Amino acid sequence: MTGTTPGIKYKGVRNMAFFDKLGETISSKSKEVAQKAKDLTDVTKLNAQVSAEEKTINELYFKIGKAYYESHCDGPVEPAFEELFGQVESARQRITQTREQIREIKGVRLCPGCGKEIGDDVAFCPNCGHKNEVPQPEDAQAQAEAADVCPNCGAQLMEDSAFCVQCGTRVRPE
């Protein structure tokens, strides 16, 4: 085999060197890509840790601010915080008004005993048992006065009585 085709041997060695170099290049580049992927993963994990710590700090800022507000809302406020306290109070008033509108639409009110929502026509709270005055429509009160019967329970009213002796409902205005 020696000497018969010297050009082929030369090409084979040359091709072999090319493939060896190509293999080394691919191996080296794949190691670089793997390292960059690992670096990217590490950076992503570290960024997630930073984000988690920033979230913790923001939650603590919120708690500090809320605690400061709650401890100073009834007393004198530093001038730097007056406007912010005013904005919080305005927002709270708007929330209260909006909730009242919602209750009116739903036909409920808050029980003075426990603060739970109850129907407008409920005399006793089903949650705490607190006795609640049932508001009477004006025309129902007028009918009750004319008929001398309680609009709530239908009992006969005593002459000139302001309340029904059976259920305690106000039957005449003060």
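When we follow numbering that gives the first Met the number 0, the leftmost residue of the sequence shown carries the number 0, and every step to the right adds one. All residues carry an ideal CB built from backbone N, CA and C; glycine is no exception. A quick note: this is a predicted structure, and the numbers were derived from the prediction, not measured.
Alpha carbon of residue i to alpha carbon of residue j, nearest angstrom
| i | j | result |
| --- | --- | --- |
| Ile63 | Cys152 | 54 Å |
| Lys28 | Met15 | 20 Å |
| Cys149 | Arg169 | 9 Å |
| Glu101 | Asp120 | Sequence inspection shows Ile at residue 101; the Glu mentioned does not correspond to that position. One C-alpha to the other measures close to 17 Å. |
| Ala161 | Gly167 | 9 Å |
| Ala143 | Pro75 | Low local confidence applies: a pLDDT of 49 at Ala143 is under 50, so the model's placement there is unreliable, with the coordinate-based value given in what follows. Roughly 52 Å between the two C-alpha positions. |
| Ile56 | Lys35 | 31 Å |
| Asp19 | Ile25 | 10 Å |
| Thr40 | Glu81 | 47 Å |
| Ser89 | Lys44 | 42 Å |
| Tyr68 | Ile94 | 18 Å |
| Gly85 | Asp147 | 52 Å |
| Lys37 | Gln48 | 17 Å |
| Gln165 | Cys127 | 22 Å |
| Val42 | Tyr60 | 27 Å |
| Ile104 | Gln96 | 13 Å |
| Met0 | Glu31 | Caution is warranted here: a pLDDT of 47 is assigned to Met0, below 50, making its placement in the model unreliable, and no coordinate value can be reported. |
| Ala66 | Arg98 | 24 Å |
Reduced DSSP category for residue i - H, G, I as helix; E, B as strand; rest coil
| i | result |
| --- | --- |
| Lys115 | coil |
| Arg171 | coil |
| Gln155 | strand |
| Val87 | helix |
Contacting residues, own chain, Cβ-Cβ under 7 Å from residue i (five flanking each side not counted)
| i | result |
| --- | --- |
| Gly118 | Gly106 and Val107 |
Outcome for residue i when other beta-carbon atoms lying within 10 angstroms are tallied against a minimum of 16
| i | result |
| --- | --- |
| Leu180 | No answer is possible for residue 180: it lies beyond the span of the chain, which begins at 0 and ends at 173. |
| Pro172 | exposed |
| Cys124 | buried |
| Cys113 | exposed |
6 Å CB neighbourhood of residue i in its chain, flanking five on each side removed
| i | result |
| --- | --- |
| Glu116 | Val107 |
| Val87 | none |
Start-end ranges of the beta strand (DSSP E) lying completely within the region 14-83, minimum 3 residues
If we require 3 residues or more, the region 14-83 turns out to have no beta strand (DSSP E) run fully inside it.
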